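Asks:
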Amino acid sequence: MTRTPDDILGAGWAFPVVINPRGRVAMVRGEQAITQSILMLLMTPKGQRVMRPEYGCRIHDLIFAPNDATTLGLAAYYVDEALRVWEPRIELVRVDATTDPADASRILVHIEYRLRGHHQPASLVFPYYRLPEGGEG
């Protein structure tokens, strides 16, 4: 039996969870499964999962943080940390964070990676929304 790259990368439930026309949970495979897995990891605050409290990303600790270089550095660090621990199917190339020029309360985390066993680069921009300074909004 020959294994395809998608077999190696795996399959999982679509995220967000969707019911397909046959009444079953929709599944995703390959690169799409990796992308959705990354998004689910980064959207999950550490401690939220009862049976796996270490799963998730500490970026959510920055919700009230000021819009400064320290916060951007921590955002990149927390995303890098979560991906290295919880997503073994990728090799991280670079993670950095910038303030969105259109919305100062939004941090854009730029993630560059390669799928393990592949030479093809991939990238993702994860938007993280902080509360605006002063609490309004």
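Counting along the sequence shown from 1, when you hit position 10 you're at 10 in the numbering used here, and nothing is skipped either side. Ideal placement from N, C-alpha and C gives every residue a C-beta, glycine not left out. For clarity, every value in this text was computed on a predicted model and none was experimentally measured.
Between the alpha carbons of R58 and A65, how many angstroms are there, rounded?
Replies: 13 angstroms
Asks: Indicate the three-state DSSP secondary structure (helix, strand or coil) for T44 in the structure shown.
Replies: coil
Asks: Are the CB atoms of L92 and D103 within a distance shorter than 8 angstroms?
Replies: no
Asks: Nearest-angstrom Cα distance between P88 and D68?
Replies: Distance between the alpha carbons of P88 and D68 is about 31 angstroms.
Asks: Do you know offhand how far G73's Cα is from V109's?
Replies: 10 angstroms
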